[in-house]
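In this note's numbering, the protein residues as written are 1 to 399.
Think of the CB as a built atom: it goes at the ideal place given N, C-alpha and C, for glycine as much as any other residue.
Take a look at the structure below.
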Ligand code: NAP
Ligand code: ZN
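And the structure:
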């Protein structure tokens, strides 16, 4: 006979169920202090299995202005299709900063950022096939999607019609509540969203591939950028330096467009064939009509029309940077020369694996500055000044 979950039991489970006012009726239960699995029947007629949770240490922003601080929370126990891994390194993306400061809106505090996650598998569910304990693993910006819509079926989980679940500040469909990201010591993710990581590459340098890598790889592949193409990359930060490395490795002629004169030597070292300062009007004028593709990785407000002017006939400017403020674009910047302004969002899971395998084969990784967890606020301040060479990566042993 069904019994109602009492508050003591509820408290042992996910915050989402606590927060969710749906009356819960237990149909079957095997409740014991150590191992608890409850099959519950929600009013919504969804059958869910809720399991005991695992304590997790993390670092969170509690509001938009204060420094980040320690935050303890629970992750779900390993389900039959889940992989649990100890997080060894987590990259610091400018998206973390945008969301910590609630620049895009919709941030739920406390927020545990981090979506460039690598580590070592500590447990796998009974039905997991791809991973075993001790394997290296990675998680990027996605931890769930409907798996049923046309986009998911095409491997474009980032465009899931029913909304993908972001690795942090996402709506957690399994546990309820919000998802917490990689500034933490462990994570539990369905194996479909866990990536295989090569042991041939230094792990700290691999972490940024999970976002900066795939976000630049995906549009370069989609538009088939390669030999014979002139490509410009705008902004030499985390995404920008991966765009330079990848575009150069695909055989394109790469120009770095930067606001920082001090980055020229590095840009060339990363693989750029040319460098131009966007604050120098003469240099900008010389680039009129020059590029087949422009990858714009800039995180702050800037004038898109300047860069559209640098496109060749039928050229495509691809925005991957996500400044919080919109930009005014003149139709005249596009119609003369039949130019396209496009955008791209991370990449699907299969493509992320393809990118990781490509990078392992071609020895491509991110240039990183490994930091301690407590350095994060300083790292954010430096990112805002464009002072990062070229990705901060947190050593999670310092959490
Ligand atoms: P980042 O490391 O901070 O690099 C951004 C670079 O943009 C800076 O280093 C700087 O390069 C340039 N820049 C900054 N302010 C500028 C300004 N006012 N005008 C012109 N250039 C400026 O950031 P990131 O982690 O690479 O991320 C870049 C953007 O991509 C962020 O908005 C992030 O949210 C977004 N993002 C999007 C996706 C996606 O799927 N589309 C994924 C990840 C991140 P220079 O010094 O060379 O000028
Ligand atoms: Zn990112």
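Counted within 10 angstroms of its Cβ, other Cβ atoms place residue i as buried (16 or more) or exposed
| i | result |
| --- | --- |
| residue 99 | buried |
| residue 205 | buried |
| residue 356 | buried |
| residue 66 | exposed |
| residue 380 | buried |
| residue 169 | buried |
| residue 80 | exposed |
| residue 390 | buried |
| residue 362 | exposed |
| residue 207 | buried |
| residue 241 | buried |
| residue 50 | Reliability of the predicted coordinates at residue 50 is poor, the pLDDT of 44 falling under 50, and no value is obtained from them. |
| residue 296 | buried |
| residue 121 | buried |
| residue 91 | buried |
| residue 335 | exposed |
| residue 77 | buried |
| residue 265 | exposed |
| residue 190 | buried |
| residue 429 | Here the chain has residues from 1 to 399 only, and residue 429 is not among them. |
| residue 55 | exposed |
Nonlocal neighbours in the same chain, by C-beta distance under 7 Å from residue i, ignoring five residues either side
| i | result |
| --- | --- |
| residue 119 | 85, 86, 87, 88, 137 |
| residue 293 | 223, 225, 229, 231, 315, 316, 318 |
| residue 348 | 155, 156, 157, 158 |
| residue 21 | Note that residue 21 scores a pLDDT of 35, beneath 50, so its modelled location is shaky and nothing firm can be said. |
| residue 279 | 259 |
| residue 180 | 58, 73, 112, 168 |
| residue 377 | 67, 68 |
| residue 104 | 98, 324 |
| residue 261 | 277 |
Spatial neighbours of residue i in its chain, beta-carbon cut-off 8 Å, leaving aside the 5 residues before and after
| i | result |
| --- | --- |
| residue 273 | 248, 253, 254, 255 |
| residue 165 | 142, 143, 144, 145, 171, 172, 173, 179 |
Beta-carbon proximity list for residue i, same chain, < 6 Å, skipping 5 on both sides
| i | result |
| --- | --- |
| residue 346 | 141, 158, 214, 215 |
| residue 227 | 251 |
| residue 314 | 338 |
| residue 400 | This structure cannot speak to residue 400, because the chain is shown only from 1 to 399. |
| residue 333 | 305, 308 |
| residue 398 | 372, 373 |
| residue 125 | 78, 79, 80, 81, 82 |
| residue 109 | 62, 63 |
| residue 270 | 241, 244, 245 |
| residue 395 | 370 |
| residue 392 | 92, 369, 371, 379 |
| residue 283 | 276, 277 |
| residue 152 | 145, 146, 160 |
Supposed close pair residue i, residue j - CB separation, criterion 8 Å
| i | j | result |
| --- | --- | --- |
| residue 93 | residue 127 | Residue 93 to residue 127, Cβ: 31 Å. No contact. |
| residue 131 | residue 194 | 6 Å |
| residue 82 | residue 188 | 5 Å |
| residue 327 | residue 301 | 7 Å |
Any chain D beta carbon closer than 8 Å to residue i
| i | result |
| --- | --- |
| residue 211 | Considering every chain present, this structure includes no chain D. It has just one protein chain. |
Inter-stretch contact (C-beta, 8 Å, three-pair minimum) for the segment 281-290 and the segment 300-313: yes
Cβ contact check for the segment 97-113 and the segment 59-73: 3 or more pairs under 8 Å: Judged by Cβ distances under 8 Å, the segment 97-113 makes contact with the segment 59-73, as three or more pairs qualify.
contact_flag[the segment 223-242, the segment 311-326] where n(CB pairs < 8 Å) is 3 or more: yes
Complete beta strand (DSSP E) runs within the segment 117-183 (minimum length 3 residues, chain order): 117-124, 136-139, 142-144
The segment 378-394 contacting the segment 69-80, beta-carbon criterion three pairs below 8 Å: no
Three CB pairs or more closer than 8 Å across the segment 362-382 and the segment 332-348: No, the segment 362-382 is not in contact with the segment 332-348.
Runs of alpha helix (DSSP H) lying entirely within the segment 254-289, each at least 4 residues, in chain order: You should have 264-270, 281-286.
Complete runs of the beta strand (DSSP E) confined to the segment 193-265 [at least 3 residues]: 230-234, 253-258
Ranges of the alpha helix (DSSP H) found wholly within the segment 290-365, counting only runs of at least 4: 304-308, 332-335, 349-362
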